[in-house]
Every structure is written in C-alpha cells, then in structure tokens.
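Its first residue numbered 1, the sequence shown is counted upward by one per residue in our numbering.
Even for Gly, the Cβ is constructed at its ideal location relative to N, Cα and C.
Note sheet for the following structure.
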Amino acid sequence: MKRINLSRSKRKHLKISHSVYLRSCHQWIISLAIAVICSFLPSLRWIGPLGLTASASAIETYTTDSDFDKGVLLSVNHNFPNNNQLQLDNPARPFPFVNIAASARGTVIRIDVNTGQILGEYLTAPDGMGRDPSRTTVDKFGSVWVANRAEFGFSDGEFKGSVSRIGLIIGGTRSEADGTLNPLGQYVQPPFQYNTCVDRDGDGRIRTSIGLGDILPWSNSGGVDSHGGANHRCGRVLD
C-alpha cells in the first residue's frame, strides 16, 4: 500500500471540498424529505426544485390564514382561536363524496353525502371493452378507482382485466366549449379550488358529466385505450 502525504494547503482544500459535498447532500436530503411529505398532504404545496440547487428563495412559506386558504384544507383547519396555524380536525373529515358502481349501467355515480345531490355519472371503460364495474376505492387525492369485472381483453399475449380512475374537481365555472359561461354547460374552467384531472387537449377547460344520465361518450377511436390508455374520466363537484 502506498501512502500519500498531503501538504497543509492540499489537506485544507480536501477538507473544504468534503464540507461542500456534505452540505450539498444535506440540501438534497432536505429537498427530498419536503417533496415526499407534501406528496402525502394535498393541503400543502412544494414549489422548490428537487436537487442540489434548492434555496430558501425557492420555498413558499405558509404562515397566515390567507396563506392556508390558497389550498384545499383536508382534515385540517385554522379556526379561531387558533388562527394562523394548522391543526388536525377532530374528528378527521374525508372528502364528502360517495362513489357508487352502477354495474348494469357500466358507470360510476358520484353523490354529495351532505346534500344527496348526484354530481355526475361516468363510464368505466371505453366502447368495445368490458365494463360491469364493481369494488370502488378512493385514493389519498380524492380520485376514485373502479374495477371492471366484464373485461377479459387480450393484450401483449395475455388475458387482462381493467381498472379506471375518475378524477376529482372542486370548484371552477361551468361553460360551453367556447368558454361562454353556462351553469348547465358540459365544460368546467378554472380557477379550481382543487383538481386531480388533466386538460389533455390544452383548451383551458375540462369536459365532464353534470349529473345522473349525463354520460359522456368514450369512443376509443382507433383502439387508443384498448391496452391501458391515459384517457381517464374526470368528475367535477360543486363549490
């Protein structure tokens, strides 16, 4: 084994480089931790980049009631007398919606549990594919997932079933396709209070069901969704 002697200046340079490396690692670990925590808390938002360049200027700090009101508060509040801080609701409250699989209709029906109003009805599979939906579950973001029992499709050399995700929009304004406001319009446009849907055609609006029987077509033109597409359904609910 060959021993290498370093001069005082080289040892100092090595020590500084090691310190910079550790500081960069610490920044990366902190950034990763914040991003992971915020992914589990939809009422919070991480806007800083994930990486070694994270800095205090890239983080938006929420400290006041008006700050907290920028997001959707799920099972937390800043009510009097504990203003300007967040605390857990007691008891905790999930999103106030129930999603019913209407098997014979091939749809999922979303209902407001507080009013009983039917907010929308959504197909669970495209045309030409099996439906008979059953076994709904809601993920941590409020979107509902449903299995299609009648799907026995053949894809990539195997028989496969299917599941569909129906997103959640809270707030927004109903309109026509051209943006003309209409409370009975087929489209909803921002600003949204909360949204897990994607504007896939980039027109600034999302087309979605408005109630029971208002079932939007899912044509599956060219078999685009026959093997597991990204054309998930979106459901908008009232403010």
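Reduced DSSP secondary structure (H/G/I, E/B, other) of residue i
| i | result |
| --- | --- |
| S9 | Reliability of the predicted coordinates at S9 is poor, the pLDDT of 46 falling under 50, and no value is obtained from them. |
| N161 | The amino acid occupying residue 161 in the given sequence is Gly; Asn does not appear at that position. Note: G161 maps to strand in three-state DSSP. |
| F141 | coil |
| D203 | coil |
| S134 | strand |
| F95 | coil |
| D112 | strand |
| F68 | helix |
| A104 | helix |
| G213 | coil |
| G172 | strand |
| G128 | coil |
| G223 | helix |
| D81 | The sequence shown places Pro at residue 81, not Asp. P81: coil per DSSP, three-state reduction. |
| P190 | strand |
| S75 | coil |
| G153 | strand |
| E60 | coil |
| V146 | strand |
Beta-carbon proximity check, residue i vs residue j, cutoff 9 Å
| i | j | result |
| --- | --- | --- |
| S134 | G167 | no |
| V146 | I169 | no |
| I193 | V72 | Inspection of the sequence shows that residue 193 is occupied by Gln rather than by Ile. Yes, the Cβ-Cβ distance between Q193 and V72 is below 9 Å. |
| G130 | R149 | yes |
| F97 | V76 | no |
| G179 | G213 | no |
| D69 | T61 | no |
Closest residue to residue i among the options (Cα-Cα distance)
| i | options | result |
| --- | --- | --- |
| N99 | I111, L88, S164, D89 | I111 |
| I109 | R200, R174, R165 | R165 |
| D89 | P96, I59, N79 | N79 |
| T63 | T173, G130, D69, N84 | N84 |
| S157 | L216, H227, L86, K70 | Reading the sequence as shown, one finds Gly at residue 157 and not Ser. The shortest C-alpha separation from G157 is found at H227. |
| S221 | A125, D139, D214 | A125 |
| Q87 | D65, A102, T180 | D65 |
| F141 | S219, D201, C197 | C197 |
| D132 | A101, D199, D139 | A101 |
| P246 | L184, D139, R174, T115 | The structure shown has nothing for residue 246, since the chain only spans 1 to 239. |
Status (buried if at least 16 other CB within 10 Å, exposed otherwise) for residue i
| i | result |
| --- | --- |
| A177 | exposed |
| T137 | exposed |
| G128 | exposed |
| N195 | buried |
| F152 | exposed |
| D225 | buried |
| P191 | exposed |
| S162 | buried |
| P81 | exposed |
| G106 | buried |
| L22 | Residue confidence for L22 is low, a pLDDT of 38 falling below 50, so the modelled location carries little weight and cannot support an answer. |
| A104 | exposed |
| A56 | With a pLDDT of 45 at A56, under the threshold of 50, the modelled position of that residue is not reliable, and no figure is offered here. |
| A92 | exposed |
| F244 | Residue 244 cannot be examined here, being either before or after the span of the chain that is shown, 1 to 239. |
| F159 | exposed |
* Asked: Any chance the region 115-125 sits against the region 204-215, with 3 or more Cβ pairs inside 8 Å?
  -> yes
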